[in-house]
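Numbering (our numbering), first residue to last: 3 to 101.
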């Protein structure tokens, strides 16, 4: 697989999981004692998905990076995708003027 295809595939995977991870985690954790865990669990989940993507698709990290460094770069990409998902749902639910 060429580096361009790896980057496009990784970006698509991270954006889709970043967008859908928040409502999926909220579905399972929306209860009286667990609602405070929604964002932390989503961030950990997206960090793990990002690390897995960067290890599996080496073009998401700098060329020649070791596996551990690729995983750390992937954690950053995963957290960025989670932020995109949170911001997207914020604007979809509240609009541009806020809550």
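Glycine included, each C-beta is placed from N, C-alpha and C at the ideal position.
This structure is a prediction, so every number in the text was calculated from the model and none was measured.
Residue 84 to residue 56, Cα distance in whole Å?
Between residue 84 and residue 56, the C-alpha separation is close to 15 Å.
Using 8 Å as the cut-off, can you tell me whether the region 63-82 makes contact with the region 37-44, which would need three or more C-beta pairs spanning the two stretches below that distance?
Contact between the region 63-82 and the region 37-44 is absent, because fewer than three Cβ pairs lie under 8 Å.
Would you mind giving the Cβ-Cβ distance between residue 16 and residue 80, rounded to the nearest angstrom? I have them listed as a contact below 8 Å.
6 Å
Under 8 Å: do the region 66-73 and the region 43-50 share three or more Cβ pairs, one atom per stretch?
no
Pick from 62, 33 and 27 that is closest to residue 10, judged by C-alpha positions
62
Spatially closest choice to residue 18 from 97, 96, 88 and 92, by CA coordinates
Minimum Cα distance to residue 18 is reached at 88.
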